[in-house]
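Pasting the structure below:
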C-alpha cells in the first residue's frame, strides 16, 4: 500500500485542483455580472467631473452610502492600498478598513467612466476586476480622509491612477482587497493635471481658519446620516478616547505613515477611522494584546492608561453601537 500512496495523493491533488478550477470557472458568470453592474453604478453616481468639484464628491458619497451595490459587495474587512510590484497581496502593505469607512471616505475620492475588465489571478486565487477611474486630486485639503501628500510617492500614485482594482473571492463573490493603479491602457478621459501640495506639517487633523475641524469627512460623515442623533455625542467621546490613545502611544503605530512597517495597518488617528476599528481596538486592550515594543513584542499597558482606554473606549463603543442601531432602524430601504 505504501508504494501506491504517492499516486493516490497525486490523484487527490489533481481532483482538488480540478475542483478548484471548476469552482472559479463556475463563479465567473456571476462575478462578471456583478462587476458589470458595479461599473455601471459607479459611472452613474460618481461620473467623471472636474477633480475640484465638491458637489460631485458629495453626491457620489451620498449615493455610495445609501445602500449601493459597492457597499453590499464588500467583505467584513477591506484591505486597501497601492500594489507592490512583484509581490503577492499577502506580502504587500495594505490598510485595513471596515466596509462603511472605505465606502464613505475612500471610494468617493474617485470618478468612473464605466469601463471594466475581469481576469482570474491563479496565483492569488481571486478574480481581479479593473474599473476605469480618475482621482479627485484638486479638492480642498480638508476633503481627503487624511493628507495623502504626507508621502509624495503616495500622492503622485493617487493622482496618476486611472484604474480601481477590486479583488473578488470566487465562492462568496465579495470584494476583499482594493487597490489603485495606473494601468498601461491609454485613456485620455482618465487624465488630469497634476496638483502640487504643500509640505506635510505632521498634523493628521487640524482646525481651519473658520474654526472647523478637518478633515471634514472623518467626522463620521462617511459612516452616519447627518440627522443621526448620536453624532453630537460621538465627537467629544472620540476626543476623550484620543487623549487616552496618545497616552498609550497608539499614535506611534496607528497612523498613515506606518512607522512600525505593519503589513496590515490599522488607522486610529481620526474619529471615523477609530470608529471602524473600535471593536478590534477594545478587544486588544481588554486582552492585553497591544501595544508592541521596539522588538515587536507585546508589552503591558500602564494600568492608568489601560483604565482610561477601557473607560473612554467603552463609552465611544457604546455610542457607536447606538448610532449604528439608529441607522439600521431609520435608513432601511422603503
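Residue numbers (the working numbering): 1111 to 1444. Beta carbons: idealized from backbone N, C-alpha and C, even for Gly.
For residue i, three-class secondary structure by DSSP
i, result
"residue 1311", "coil"
"residue 1144", "helix"
"residue 1416", "helix"
"residue 1205", "strand"
"residue 1137", "helix"
"residue 1353", "helix"
"residue 1185", "strand"
"residue 1268", "helix"
"residue 1389", "helix"
"residue 1216", "helix"
"residue 1165", "helix"
Residues near residue i in its chain [Cβ-Cβ closer than 6 Å; skip 5 each side]
i, result
"residue 1418", "1354"
"residue 1229", "1238"
"residue 1149", "1224, 1226 and 1241"
"residue 1191", "1204 and 1205"
Contact under 8 Å by Cβ, residue i with residue j
i, j, result
"residue 1265", "residue 1307", "yes"
"residue 1134", "residue 1280", "yes"
"residue 1391", "residue 1423", "yes"
"residue 1247", "residue 1286", "no"
"residue 1166", "residue 1173", "no"
"residue 1325", "residue 1256", "yes"
"residue 1302", "residue 1244", "yes"
"residue 1171", "residue 1139", "no"
"residue 1242", "residue 1144", "no"
"residue 1374", "residue 1206", "yes"
"residue 1278", "residue 1187", "no"
Rounded Cβ spacing between residue i and residue j (contact assumed at less than 8 Å)
i, j, result
"residue 1209", "residue 1202", "The Cβ separation is near 20 Å, so there is no contact."
"residue 1385", "residue 1430", "5 Å"
"residue 1253", "residue 1164", "7 Å"
"residue 1382", "residue 1211", "6 Å"
"residue 1249", "residue 1162", "6 Å"
"residue 1340", "residue 1432", "5 Å"
Cut-off 8 Å between Cβ atoms - residues of its own chain near residue i, not counting five sequence neighbours on either side
i, result
"residue 1437", "1334, 1335 and 1338"
"residue 1126", "Because the pLDDT at residue 1126 is just 40, under 50, the model does not fix this residue reliably, and the value given afterwards should be weighed accordingly. Nothing meets the Cβ criterion."
"residue 1367", "1260 and 1261"
Same chain only: Cβ atoms within 7 Å of residue i, ignoring 5 sequence neighbours per side
i, result
"residue 1343", "1429"
"residue 1147", "1179"
Contact with chain D by residue i, beta-carbon distance below 8 Å
i, result
"residue 1225", "Here there is only one protein chain, and chain D is not present."
Between the region 1271-1281 and the region 1254-1261, can you find at least three pairs of beta-carbon atoms closer than 8 Å? No, they do not touch.
With three or more beta-carbon pairs closer than 8 Å as the criterion, would you say the region 1144-1158 touches the region 1218-1225? Contact holds: three or more Cβ-Cβ distances are below 8 Å.
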